[in-house]
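Okay, structure first, notes after.
There are 2 protein chains.
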Amino acid sequence: MDQSSILCPRFAKAMKMMGQRWTGLVIYQLLTGPQRFCSIESSLPISGRLLSERLKELEQEGIVKREVFPETPVRIEYSLTEKGMALEPLLRELEKWSQNWIEVEN
Amino acid sequence: MDQSSILCPRFAKAMKMMGQRWTGLVIYQLLTGPQRFCSIESSLPISGRLLSERLKELEQEGIVKREVFPETPVRIEYSLTEKGMALEPLLRELEKWSQNWIEVEN
DNA sequence: TTTAGTTACTTACTTTATGTAAGTTAGTAT
DNA sequence: ATACTAACTTACATAAAGTAAGTAACTAAA
Chain A
1 MDQSSILCPR FAKAMKMMGQ RWTGLVIYQL LTGPQRFCSI ESSLPISGRL
51 LSERLKELEQ EGIVKREVFP ETPVRIEYSL TEKGMALEPL LRELEKWSQN
101 WIEVEN
Chain B
1 MDQSSILCPR FAKAMKMMGQ RWTGLVIYQL LTGPQRFCSI ESSLPISGRL
51 LSERLKELEQ EGIVKREVFP ETPVRIEYSL TEKGMALEPL LRELEKWSQN
101 WIEVEN
């Protein structure tokens, strides 16, 4: 478990983030536009507990922006920052790959 | 936890795979060419236990190919299949994104 | 002919992450 | 007061990951 070749720390960090359950799908969902908590929650098979956790992490990374609208009941919108938007090509590549190489069923 | 919009099952499956710890890094490492177990193990901070598990999963998905050379001691080489190679653009996108948007330290 | 060395794994066990469900907070509306 | 809503939290069970030691098959050295 000692590394002989050095992994680029930026790349390793990005991998650690994207290689976390739900992160990619949450960002993918936000590519369709700003959305509130319950909307993301119902578009993915993720629980509120984890969605809350992931959104917090993504906000800290500067990938997601959280905006509070003091309406009734309160509306909170999540959207992608420029850094988050920059992930679109990556997600489109995964989309393409999955269309070309994954068959469903199992 | 009910989905109102339907997630494409191919994309969801690809996400589940790539959004697993180490999967992306193992494939990234194999992009540099066929390699044996101990070589991958020492190039990433992954343990033998998990590397063995991931390689088995990737082999089952048809992303990685395992070849046994009955030398002394036995040599086993892992390489990417065509399906695995097709993930290169995706990994290059992540590489680019990380160079542009991630700063190291923390 | 014991002893040690090599690669490629397994097994056993601990810690961390995730899944599930119920509960909380703040602000109306009835 | 009671109920309703959105957005979370908390508590607890299960699954996945981390760590370290062990195994199998073979060779090479003492």
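Residue numbers (this note's numbering), protein chains in the order written: chain A, 1 to 106; chain B, 1 to 106. All C-beta atoms in this analysis are idealised placements derived from N, C-alpha and C, irrespective of residue type, glycine included.
Proximity of A:P9 to chain B, defined by a Cβ-Cβ separation below 8 Å, is satisfied. Of the residues assessed, A:I6 falls on the exposed side of the cut-off, its CB having fewer than 16 other CB atoms within 10 angstroms.
Boundaries of the beta strand (DSSP E) harbouring A:S79: 75-80, taken from the DSSP string. Interface annotation, B:S98: in contact with chain A, CB-CB separation under 8 Å. A:R49 is classed as exposed because its beta carbon has fewer than 16 other beta carbons within 10 Å across all chains shown.
What B:M18 touches in chain A, judged by beta-carbon distance under 8 Å, is M18, G19, G24, L94, going in chain order. Shown here, A:E67 sits in a strand according to DSSP, grouped into three states.
The alpha-carbon of B:E61 is positioned some 14 Å away from that of B:S52. Listed along the chain, the chain B residues whose CB falls inside 8 Å of the CB of A:K13 are S98, I102, V104. At a cut-off of 8 Å between C-beta atoms, B:L31 does not count as an interface residue with respect to chain A. Here B:G33 is exposed: its Cβ has fewer than 16 other Cβ atoms, across all protein chains shown, within 10 Å. Contact of A:P34 with chain B by beta-carbon distance below 8 Å is absent, the smallest such distance being about 15 Å. Contacts with chain A at 8 Å (Cβ-Cβ) include B:L90.
Look at A:R36 here: in three-state DSSP terms it is strand. Rounded to whole angstroms, A:E103 and A:W22 show a C-alpha spacing of 21 Å. In its chain, beyond the 5 residues on either side, R75 have a beta carbon closer than 6 Å to the beta carbon of A:F69. Using a Cβ-Cβ distance cut-off of 8 Å, the stretch 85-101 of chain A and the stretch 84-91 of chain B are in contact, since at least three pairs of beta carbons, one from each stretch, lie closer than that value. Each residue's CA atom was taken as its position, placing B:M85 and B:L58 some 12 Å apart. With respect to chain A, the C-beta atom of B:L44 has a partner C-beta closer than 8 Å.
Within chain A, W101 have C-beta atoms less than 8 Å from the C-beta of B:K83, given in sequence order.
At the C-beta level, A:Q29 and A:Q35 come within 8 Å of one another. In this structure, DSSP gives A:G48 a helical state, which the three-state scheme calls helix.
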